[in-house]
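Chemist: Residue numbers (my numbering): 29 to 81.
Glycine included, each C-beta is placed from N, C-alpha and C at the ideal position.
It should be emphasised that the depicted structure is a prediction, and the values quoted were computed from it without experimental measurement.
Please read through the structure below; I'll follow up with questions.
Here's what the structure looks like:
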């Protein structure tokens with residue numbers, strides 16, 4: 029999965045396109061520019077480096 033993430037990250041940086049990744053992997057989420065969490069049925073933006081989900 030690390031290889032896939034690195035390839036996707038390279039594509040995003042090179043082309044400027046956006047990518048949406050749904051994951052339960054908080055280590056991976058920590059590498060994202062923006063992180064959202066679903067809490068009590070509501071979408072909340074969280075700091076990317078925060079692992080309080």
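Using 8 Å for Cβ pairs, my map puts residue 62 next to residue 73. What's the rounded Cβ distance?
Modeler: About 7 Å separates the two Cβ atoms, so the contact holds.
Chemist: Classify residue 53 as buried or exposed, calling it buried when 16 or more other Cβ atoms lie within 10 Å of its own Cβ.
Modeler: Residue 53 should be labelled exposed.
Chemist: Where do the ends of the beta strand (DSSP E) carrying residue 47 lie?
Modeler: Segment: none, residue 47 is in no beta strand (DSSP E) and carries neither H nor E.
Chemist: Taking only three categories from DSSP, how would you classify residue 70?
Modeler: In this structure, residue 70 counts as strand in the three-state DSSP scheme.
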